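> Submitted below is the structure of interest, expressed as structure tokens.
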Amino acid sequence: MFKPMLAACLMLSGLAAHADLDITVVGGAKRAQPIAVVPFQQGPGQPADVAAIVAADLDRSGQFLALARNDMKGFDPLPTTEAQVDYRTWRALGQEALVIGNVQALPGGGAKTVAELYDVFRTQKILTVEATATRASEWRSMSHKIADQIYEKLTGTRGVFDTRIAYITSTMASGRRQFKLIWADADGENPREIARSFEPLLSPSWSPDGKRIAYVTFEGGRSKIIIQTPATGDYVTFLGEKGINSAPAWTPDGNRLVVTLSFQKNSDLYVIDLASKSRRRLTDSFAIDTSPTVSADGRTVAFLSDRSGSAQVYTMSIDGGDAKRVSFEGRRNEQPRFSPDGKTLALVNYDGSGYRIGLVDVATGALRLVSSGPLDEGPSFAPNSAVVIYTRQGAAGAELATVSTDGSVRQRLRHTGDVREPAWAPFAKP
Numbered sequence: 356m357f358k359p360m361l362a363a364c365l366m367l368s369g370l371a372a373h374a375d376l377d378i379t380v381v382g383g384a385k386r387a388q389p390i391a392v393v394p395f396q397q398g399p400g401q402p403a404d405v406a407a408i409v410a411a412d413l414d415r416s417g418q419f420l421a422l423a424r425n426d427m428k429g430f431d432p433l434p435t436t437e438a439q440v441d442y443r444t445w446r447a448l449g450q451e452a453l454v455i456g457n458v459q460a461l462p463g464g465g466a467k468t469v470a471e472l473y474d475v476f477r478t479q480k481i482l483t484v485e486a487t488a489t490r491a492s493e494w495r496s497m498s499h500k501i502a503d504q505i506y507e508k509l510t511g512t513r514g515v516f517d518t519r520i521a522y523i524t525s526t527m528a529s530g531r532r533q534f535k536l537i538w539a540d541a542d543g544e545n546p547r548e549i550a551r552s553f554e555p556l557l558s559p560s561w562s563p564d565g566k567r568i569a570y571v572t573f574e575g576g577r578s579k580i581i582i583q584t585p586a587t588g589d590y591v592t593f594l595g596e597k598g599i600n601s602a603p604a605w606t607p608d609g610n611r612l613v614v615t616l617s618f619q620k621n622s623d624l625y626v627i628d629l630a631s632k633s634r635r636r637l638t639d640s641f642a643i644d645t646s647p648t649v650s651a652d653g654r655t656v657a658f659l660s661d662r663s664g665s666a667q668v669y670t671m672s673i674d675g676g677d678a679k680r681v682s683f684e685g686r687r688n689e690q691p692r693f694s695p696d697g698k699t700l701a702l703v704n705y706d707g708s709g710y711r712i713g714l715v716d717v718a719t720g721a722l723r724l725v726s727s728g729p730l731d732e733g734p735s736f737a738p739n740s741a742v743v744i745y746t747r748q749g750a751a752g753a754e755l756a757t758v759s760t761d762g763s764v765r766q767r768l769r770h771t772g773d774v775r776e777p778a779w780a781p782f783a784k785p
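Mapped onto this note's numbering, the consecutive letters of the sequence shown carry residue numbers 356 to 785.
Given below as structure tokens:
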């Protein structure tokens, strides 16, 4: 457990932190689909404008162009039922899809939303979706769930609007640099502190069920790996060996962590059982082996090693054996991360002129660069494997950015102060 002074230093709180992200789409799809999300029928003074959140989600994805409400002023009334939908008018406005809905307030601050999606050119309803909030604080999540199902219906890809991200911020406080580990909704709303320290915080890694997060702290003058439940603030010190304790990566079953330790000699990878703390050494070389990531099937570990003379990415069986080099283009390749579907390996590629995010096809080994550099790092996949979040160098310091895996949609997520090491949480499980 932490020493009492560390417990005081870590602000384990459910209160919102002042760490809002300003999200801007800087590169959209070649052709964003026009969609009109009309104001839903709901009472005044309610916790959230559900239709506005749905429209913002779809618009921000870069795959859709949501019609501005000012351009809907000619409608009286705006449709809230199927009988009121006039396809000819929406087609004349250039809209290809239409969303209408109703929000019913429930006792205790909750609500039930029913939304309908219409294909304007085929003149038919193609989806009815329902979502419920049990209290006022869940209205945004309810709205994101609606947007996720609309997105999936129209694109064939599961939406990630109702997911969370974690990231580390670095700002000056009382003349000292202060580090915070933050978790927030995928749109940057509802930011909350997981940890706060005047010593570095590093390597956040979500458990497969999205309920726990492992990270590294240097509180007390030495590195330690912490496992914490953000929703409650409960935490344990999982590892605190002499030397390096770093780079935790979960196995898909959530029962083990692959970590970097140096208590024996060099920095090597170890597989550690969470329940028994039993450990098995995975690598044993003269080189520095670190930054592990485990494939979706739990069979393969990719990691960073300088055993060839420069930083490159290798893979090996989680049961041990020989390591195979998988990165060859550029001078260096670092920070590997498997996609949740197991088909892609993200990494940071350095070609001599800058660091860019690259995606390696696991089946073929082919590399594609999807970011522009010159200082991009820390890739992490969205749970649908369709988007990568990473950090880039902005005008005011390091900032978060996202790019679709086909490179067609890019976003900037601005924050006051440096932002590092993003980690996208998996889809929530019961």
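Every residue, glycine too, gets a C-beta built ideally from N, C-alpha and C. Note that this is a predicted model, so its numbers are computed, not measured.
Compute the beta-carbon to beta-carbon distance between A550 and T572, rounded to the nearest angstrom, for a pair I have assumed lies under 8 Å.
Residue 550 sits at position 195 when you count from the first residue of the sequence shown. Residue 572 sits at position 217 when you count from the first residue of the sequence shown. Contact flag correct, Cβ pair sits at about 7 Å.
> Could you compute how far the alpha carbon of E776 sits from the alpha carbon of M671?
Here residue 776 is taken as the residue at index 421 of the sequence shown, counted from 1. Here residue 671 is taken as the residue at index 316 of the sequence shown, counted from 1. Computed Cα separation, rounded: 24 Å.
> Within the segment 468-553, note down every full beta strand (DSSP E) run reaching 3 residues or more, in order along the chain.
Whole beta strand (DSSP E) segments, 3+ residues: 479-488, 519-528, 531-540 and 547-552.
> Report the rounded CA-to-CA distance for M356 versus G588, giving the unit in angstroms.
Taking the first residue of the sequence shown as position 1, residue 356 is located at position 1. Taking the first residue of the sequence shown as position 1, residue 588 is located at position 233. Because M356 carries a pLDDT of 27, less than 50, the predicted location of this residue cannot be relied on, and the following value inherits that uncertainty. Cα to Cα, the separation comes out at about 13 Å.
> Residue range of the beta strand (DSSP E) that L624 falls in?
Within the sequence shown, numbered from 1, the residue matching residue 624 stands at position 269. Start and end: D623 to D628.
> Pair every Cβ in the segment 737-744 with every Cβ in the segment 513-530, then say whether three or more of these pairs are closer than 8 Å.
Touching, yes.
> Quick check on G464: does DSSP put it in helix, strand or coil?
For the purposes of this step, residue 464 is taken as residue 109 along the sequence shown, with counting starting at 1. Three-state result, G464: helix.
> Taking contact to mean at least 3 C-beta pairs separated by less than 8 Å, is the segment 625-638 in contact with the segment 681-700?
The segment 625-638, when compared against the segment 681-700, does not touch it at the 8 Å Cβ threshold.
> Using C-beta distances below 7 Å, list every residue in its chain close to P677, excluding the 5 sequence neighbours before and after it, in chain order.
Looking up residue 677 in the sequence shown gives position 322. Looking at the sequence provided, one finds Asp at residue 677 rather than Pro. Correct list, in chain order: M671.
> Around the C-beta of T429, are 16 or more other C-beta atoms found within 10 angstroms, so that it is buried, or is it exposed?
Looking up residue 429 in the sequence shown gives position 74. Strictly speaking, residue 429 in this sequence is Gly, with Thr absent from that position. Exposed, because fewer than 16 other Cβ atoms sit within 10 Å of the Cβ of G429.
> Apply the 10 Å Cβ neighbour rule to T719 and answer buried if 16 or more other Cβ atoms are within range, or exposed otherwise.
Position 364 of the sequence shown, counted from the start, is the residue given in the question as residue 719. Exposed: under 16 other Cβ atoms inside 10 Å.
> Can you tell me whether S633 is buried or exposed, with buried defined as 16 or more other CB within 10 angstroms of its CB?
Working through the sequence shown from its first residue, we reach residue 633 at position 278. Exposed, because fewer than 16 other Cβ atoms sit within 10 Å of the Cβ of S633.
> Out of Q397, S552 and P729, which has the shortest C-alpha to C-alpha gap to T435?
Within the sequence shown, the letter at position 80 stands for residue 435. T435 has its Cα closest to that of Q397, out of Q397, S552 and P729.
> Which partner residues of N425 appear in the DSSP bridge assignment?
Here residue 425 refers to the residue found at position 70 of the sequence shown. N425 is not bridged to any residue.
> In whole angstroms, what separates the C-alpha of V380 from that of A411?
Here residue 380 is taken as the residue at index 25 of the sequence shown, counted from 1. Here residue 411 is taken as the residue at index 56 of the sequence shown, counted from 1. Roughly 11 Å separates the two Cα atoms.
> Could you spell out the range, first to last residue, of the alpha helix (DSSP H) harbouring I408?
Residue 408 sits at position 53 when you count from the first residue of the sequence shown. Its alpha helix (DSSP H) spans residues V405 to R415.
> For V715, collect the residues of the same chain with a Cβ closer than 6 Å to its Cβ; drop the 5 residues on either side in sequence, then sort them by chain order.
The count along the sequence shown starts at 1 and reaches residue 715 at position 360. Same-chain partners within the cutoff: L700 and L722.
> Between which two residues does the alpha helix (DSSP H) carrying R443 extend?
On the sequence shown, residue 443 is found 88 positions in, with the first residue counted as 1. Start and end: Y442 to A447.
> Could you spell out the range, first to last residue, of the beta strand (DSSP E) harbouring N739?
Locating residue 739 in the sequence shown gives position 384, where the first residue counts as 1. Here N739 belongs to no beta strand (DSSP E), and DSSP marks it neither H nor E.
> If I measure Cβ to Cβ from V614 and keep anything under 8 Å in the same chain, skipping five residues before and after, which residues do I get?
Sequence index remark: in the sequence shown, residue 614 carries index 259 (1-based). Correct list, in chain order: I580, L594, N600, S601, A602, P603, A604, L624, Y625, I627 and P647.
> Closer than 6 Å by C-beta to Q504: which residues in its own chain qualify, once you throw out the five before and the five after it? Chain order, please.
Translated into the one-based positions of the sequence shown, residue 504 becomes position 149. The answer, listed in chain order, is V484.
> Among the residues of its own chain, which have a CB less than 6 Å from the CB of E451, if the five just before and after it don't count?
Your numbering for residue 451 matches position 96 in the sequence shown. Around E451: Q388, P389 and V475.
> Quick check on A750: does DSSP put it in helix, strand or coil?
Counted from its first residue, the sequence shown places residue 750 at position 395. Coil, per DSSP.
> Quick check: V393 and V409, are their CB atoms within less than 8 Å of each other?
Locating residue 393 in the sequence shown gives position 38, where the first residue counts as 1. Locating residue 409 in the sequence shown gives position 54, where the first residue counts as 1. No, the Cβ-Cβ distance between V393 and V409 is not below 8 Å.
> Per DSSP, what kind of secondary structure is Q459 in: helix, strand or coil?
Taking the sequence shown and counting its residues from 1, the one referred to as residue 459 is at position 104. Three-state result, Q459: strand.
> Buried or exposed: where does I537 fall if 16 or more other Cβ atoms within 10 Å of its Cβ makes it buried?
The residue labelled residue 537 in the question sits at position 182 within the sequence shown. I537 should be labelled buried.
> Relative to the alpha-carbon of L422, which residue among A406, E437 and V758 has its alpha-carbon at the smallest distance?
As a position in the sequence shown, residue 422 is number 67, starting the count at 1. Nearest option by C-alpha distance: A406.
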